[in-house]
Each structure stands twice: as C-alpha cells, then as structure tokens.
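Chemist: Those letters in the sequence shown? Residues 0 to 157, by numbering that gives the first Met the number 0.
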Amino acid sequence: MKKRILYLCQAAIIAALYVVLTLVSPNPVGVFQVRFSECLTILPVFLPAAVPGLFIGCIISNLLANAVIWDIVLGSLATLIAAVLTYKLGKKHFLLAALFPVLANTLVIPPVLAYIYNVPDALWIIYLSLFAGEVISCYGLGYILHRVLKKHFSHINK
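(1) Do I12 and A49 have their C-beta atoms within less than 7 Å of each other?
(2) N117 by DSSP, collapsed to three states: which one?
(3) Could you please give me the residues that DSSP links to V33 through a beta bridge?
(4) Looking at the structure shown, is Y17 part of a helix, part of a strand, or coil, going by DSSP?
(5) Which residues mark the beginning and the end of the alpha helix (DSSP H) in which N104 is found?
(6) Does the Cβ-Cβ distance between I192 and W69 come in under 7 Å?
(7) Given this structure, state the Cα-to-Cα distance separating F152 from L39, to the nearest angstrom.
(8) Please report the distance separating the alpha-carbon of I108 from that of S60.
(9) How big is the Cα-Cα spacing for C137 and K150?
(10) Hey, would you say T78 sits closer than 7 Å to F93, going by beta carbons?
(11) My output table needs one value for F130: the three-state DSSP class, helix, strand or coil.
(12) Which of the three DSSP states, helix, strand or coil, is assigned to C38?
(13) Between the alpha carbons of P119 and I71, how many angstroms are there, rounded?
(14) G52: which of F130, V18 and G89 sits nearest, CA to CA?
(15) Go ahead and pull the three-state DSSP assignment for F152.
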C-alpha cells in the first residue's frame, strides 16, 4: 500500500512539474518548441512513476495551451511511448535515454503542426526546427538533470 501511494505521489509531482516547466518555457508550442519540461523525459531512468507522470503532464500542458484534440492525443502518446522506451532501455546510457523523446516528438509533432494546424512552413523545416528544440531540451537540459540525479539521487530507484 505504501509503495502504491509513493508511486502515485511521484507521478503526480512529475506531472505537475511538467506542466509548470512547460508554462514557463520560452516557446512551448509552435514550429520551434523548446520546452523546459522535456528535460524531465529522462526521469523514467530513475523512477518508474515518471512514465504516467510525463504522460499526464503532457496532456494537461496541451489542454492549457488550447491545443486541438489531435495534438493532445498524438503528442501525449508520443510522450508516453518515449517514456516507456526510456524506462525499458534508457538505463544503459544517457544518450540512449534522451534519444527516445527526441525521436518520438520529431516523428509525431511536425505532421500535426503541418496538417492539423495548417502551418505554412515546409514540412522539412518543421522537422528540423522541432528536432533542434528537442535536442536542446532533452540532450542539453536533460543532460544536466541526469548528471545531478545520478550523482545525488541514484538511490531513489532501488
């Protein structure tokens, strides 16, 4: 019972952090997205509760950003898939852990922006700019978070 409560609390805190970090990000929506919250996508390496936390946080963030339903569904599913893959395979190396959210969002979000939101930019520009934003968020900010957690909080997933 205590483990279940701890798991739910961790997931809720991660979801709340994801929402807050998205809201304070300089460009949380659009073609060039740099979401501070995306650095949290390495958390499944440390905490299994990060998987539902990131998924729920992404849903809430997209709802607060007035995203259309396809963006909410597809973007949140991309986050969920990336979180599961990071949890399952990302413990081996940071580069692998950060790769899944970069790939998932780079593959899913550009078509949503181009075809659902009718963004007039060429699709390849949307792919490149979203990829760049994800690399900044996941590999740049995520690396810093990963190093701090690995050094100071490596005991949390034991």
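We put the CB at the ideal spot given by N, CA and C, even for glycine. On a predicted model such as this, the values are computed, not experimentally measured, just so you know.
Modeler: Result, derived from the coordinates:
(1) For the purposes of this step, residue 12 is taken as residue 13 along the sequence shown, with counting starting at 1. For the purposes of this step, residue 49 is taken as residue 50 along the sequence shown, with counting starting at 1. Not in contact: I12 and A49 (Cβ atoms no closer than 7 Å).
(2) Along the sequence shown, one-based indexing puts residue 117 at 118. Note: N117 maps to coil in three-state DSSP.
(3) One-based indexing of the sequence shown puts residue 33 at position 34. Bridge partners of V33: N26.
(4) Translated into positions along the sequence shown, residue 17 becomes position 18. Three-state DSSP puts Y17 in a helix.
(5) Translated into the one-based positions of the sequence shown, residue 104 becomes position 105. That run of the alpha helix (DSSP H) goes F93 to P110.
(6) In the structure displayed, the chain extends from 0 to 157; residue 192 sits before or after that span and is not available.
(7) What you label residue 152 is simply residue 153 of the sequence shown in a count that begins at 1. What you label residue 39 is simply residue 40 of the sequence shown in a count that begins at 1. If you take the alpha carbons of F152 and L39, they lie about 15 Å apart.
(8) The sequence position of residue 108 within the sequence shown is 109, counting from 1. The sequence position of residue 60 within the sequence shown is 61, counting from 1. Distance between the alpha carbons of I108 and S60: 15 Å.
(9) Locating residue 137 in the sequence shown gives position 138, counting from the first residue. Locating residue 150 in the sequence shown gives position 151, counting from the first residue. Looking at the two C-alpha atoms, the distance is approximately 18 Å.
(10) Counted from its first residue, the sequence shown places residue 78 at position 79. Counted from its first residue, the sequence shown places residue 93 at position 94. No, these two residues do not count as a Cβ contact at 7 Å.
(11) Locating residue 130 in the sequence shown gives position 131, where the first residue counts as 1. In the structure shown, F130 sits in a helix (DSSP, three-state: H, G or I).
(12) One-based indexing of the sequence shown puts residue 38 at position 39. C38: helix per DSSP, three-state reduction.
(13) On the sequence shown, residue 119 is found 120 positions in, with the first residue counted as 1. On the sequence shown, residue 71 is found 72 positions in, with the first residue counted as 1. So the alpha carbons of these two residues sit roughly 21 Å apart.
(14) Mapped onto the sequence shown, residue 52 falls at position 53. Here the closest residue by C-alpha is V18.
(15) For the purposes of this step, residue 152 is identified with residue 153 of the sequence shown, where counting begins at 1. F152 falls in the coil class under three-state DSSP.
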